[in-house]
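Participant:
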Amino acid sequence: PLHLIKAQLLEEAYNMIMDDKFLIIRMSNGIKHGTQVLVSFIRSFEKELHSKIELNDHASGSQTVSVLSKIRFFFLEFNSSMPLDILIRGEIGCALIMLGTELQKYSRWADSLDYFTDAFNIFHTIKYDYKHPDVIRVLQHIDSCAVKNVVLVSEDSPNKLLLRNWNVENKARFSTELRSHPGYAIVRMRGVYRDVNFKNISYKTDMLCVGSKESALILDYENGLLSSARDGGILSTTLANVSEGIPLLLKSRTYIDNKKDASDEEKKYLSDAYLAAALFCIGPDGRISPTIAPHLCLGTYPYPSLYLVARGSPNEAVFKHLSDW
Numbered sequence: 001p002l003h004l005i006k007a008q009l010l011e012e013a014y015n016m017i018m019d020d021k022f023l024i025i026r027m028s029n030g031i032k033h034g035t036q037v038l039v040s041f042i043r044s045f046e047k048e049l050h051s052k053i054e055l056n057d058h059a060s061g062s063q064t065v066s067v068l069s070k071i072r073f074f075f076l077e078f079n080s081s082m083p084l085d086i087l088i089r090g091e092i093g094c095a096l097i098m099l100g101t102e103l104q105k106y107s108r109w110a111d112s113l114d115y116f117t118d119a120f121n122i123f124h125t126i127k128y129d130y131k132h133p134d135v136i137r138v139l140q141h142i143d144s145c146a147v148k149n150v151v152l153v154s155e156d157s158p159n160k161l162l163l164r165n166w167n168v169e170n171k172a173r174f175s176t177e178l179r180s181h182p183g184y185a186i187v188r189m190r191g192v193y194r195d196v197n198f199k200n201i202s203y204k205t206d207m208l209c210v211g212s213k214e215s216a217l218i219l220d221y222e223n224g225l226l227s228s229a230r231d232g233g234i235l236s237t238t239l240a241n242v243s244e245g246i247p248l249l250l251k252s253r254t255y256i257d258n259k260k261d262a263s264d265e266e267k268k269y270l271s272d273a274y275l276a277a278a279l280f281c282i283g284p285d286g287r288i289s290p291t292i293a294p295h296l297c298l299g300t301y302p303y304p305s306l307y308l309v310a311r312g313s314p315n316e317a318v319f320k321h322l323s324d325w
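The numbering used here applies: residue 1 is where the sequence shown begins, and numbers increase by one.
Encoded structure:
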């Protein structure tokens, strides 16, 4: 479909990649090579599609995720449809790792964990032991999906986050890769903004977490505000609460509905509170602290969070003693 992508016939390219017959042809020259070619197509498709939409529009990411999901289920059906050589099944497992890694670029941590779990289960079925390079690799990827929420912690906390590289000059841009957690960075939890409506206030948010450095946020620093270089989302605390344990998020500009009942004093108070919760300073060791609470800084919980996954996910939580209730 590369010629279709270059001709900007994106719908035709999308339909071609989603066709089973096309996938079968691509895999005929080897699963590893075929998957690499497909990933290359997907990146070209994403790049071209993203150039045609607004930066805060997630349509491109949604279609790319759909393609990756289609290829995943194609491999799972192929793996279960007939007896296959161990070598071929091992290649399918490696292909799922490749697809899951690509999916992580869109902050789909829970979804990518399903891909890695599928790969691990295949390796387990073909009797790969825990010293096998592919098993070691997939377990590392599984660990990278155990995302932890970014929260405010005490400046003395062992769980504080320290940037690897940063720039405190005004109008600076830097990556959120961490030296306190090698191989990790501050990343978006979902990669999709959600609407928040509270009384006469509304804005869009996406929670922040610690994940693979390949998905690191790139931030712009200007006049105390840290914003996403990709879409302008502003780093802030949840509900303008600057207290220990409060989660951090990316948010759009806050909209205050003047038509709803609220005095001018209340509106000013809310506006000032949300602005104060979005002002940060960067310390000499790379910590990020709220300007109004320098004794706190960005950190993380010591354990991964429990979160919702798709029904039927191989990683769904199942109560052990449900039958006893």
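Even glycine gets a Cβ: it sits at the ideal position worked out from N, Cα and C. None of these values were measured; they are calculated from a predicted model.
Counting along the chain, where does the beta strand (DSSP E) carrying residue 94 start and finish?
Facilitator: Locating residue 94 in the sequence shown gives position 94, counting from the first residue. Premise fails: residue 94 lies in the alpha helix (DSSP H), 86–104, not in any beta strand (DSSP E).
Participant: May I have a chain-ordered list of the beta strand (DSSP E) segments no shorter than 3 residues that lie completely inside the region 159–183?
Facilitator: The qualifying runs are 172–175.
Participant: Can you tell me whether residue 3 is buried or exposed? The criterion is at least 16 other CB atoms within 10 Å of its CB, across all chains shown.
Facilitator: Working through the sequence shown from its first residue, we reach residue 3 at position 3. Flag for residue 3 reads exposed.
Participant: Could you tell me if residue 170 is buried or exposed, where buried requires 16 or more neighbouring beta carbons within 10 angstroms of its beta carbon?
Facilitator: Stepping through the sequence shown from its first residue, residue 170 is reached at position 170. With fewer than 16 other Cβ atoms within 10 Å, it is exposed.
Participant: Sort out for me which residues DSSP pairs residue 125 with in a bridge.
Facilitator: What you label residue 125 is simply residue 125 of the sequence shown in a count that begins at 1. In the DSSP output, where bridge partners are listed per residue, residue 125 has none listed.
Participant: Can you tell me where the beta strand (DSSP E) holding residue 204 begins and where it ends?
Facilitator: Taking the first residue of the sequence shown as 1, we reach residue 204 at position 204. Residues 201–212.
Participant: Determine, using beta-carbon pairs with one atom in the region 89–104 and one in the region 168–183, whether at least three such pairs fall under 8 angstroms.
Facilitator: They do not touch, by the three-pair rule.
Participant: So, for residue 209: in the same chain, excluding its five sequence neighbours on each side, which residues have a beta-carbon less than 7 angstroms away from its beta-carbon?
Facilitator: Taking the sequence shown and counting its residues from 1, the one referred to as residue 209 is at position 209. So the qualifying residues of the chain are 147, 148, 149, 150, 187, 189.
Participant: In whole angstroms, give me the CA-to-CA distance for residue 290 and residue 266.
Facilitator: As a working mapping, residue 290 is identified with position 290 in the sequence shown. As a working mapping, residue 266 is identified with position 266 in the sequence shown. The straight-line gap from Cα to Cα measures roughly 23 angstroms.
Participant: Going by other Cβ atoms of all chains shown within 10 Å of its Cβ, with 16 needed for buried, is residue 299 buried or exposed?
Facilitator: Locating residue 299 in the sequence shown gives position 299, counting from the first residue. Buried, since its Cβ has 16 or more Cβ neighbours within 10 Å.
Participant: Taking DSSP as the reference, what is the three-state secondary structure of residue 59?
Facilitator: The residue labelled residue 59 in the question sits at position 59 within the sequence shown. Bear in mind that a pLDDT of 46 at residue 59, under 50, signals an unreliable position, so the number given afterwards is only what the model happens to contain. Helix, per DSSP.
Participant: Strictly by DSSP, which residues pair up with residue 80?
Facilitator: Stepping through the sequence shown from its first residue, residue 80 is reached at position 80. Paired residue(s): none; residue 80 is not in a bridge.
Participant: Determine whether the beta carbon atoms of residue 110 and residue 32 lie at a separation below 8 angstroms.
Facilitator: Start at 1 with the first residue of the sequence shown, and residue 110 comes out as number 110. Start at 1 with the first residue of the sequence shown, and residue 32 comes out as number 32. Result no, Cβ atoms of residue 110 and residue 32 do not sit closer than 8 angstroms.
Participant: Between the alpha carbons of residue 214 and residue 306, how many angstroms are there, rounded?
Facilitator: Indexing the sequence shown from 1 puts residue 214 at position 214. Indexing the sequence shown from 1 puts residue 306 at position 306. Spanning the two alpha carbons is a distance of roughly 23 angstroms.
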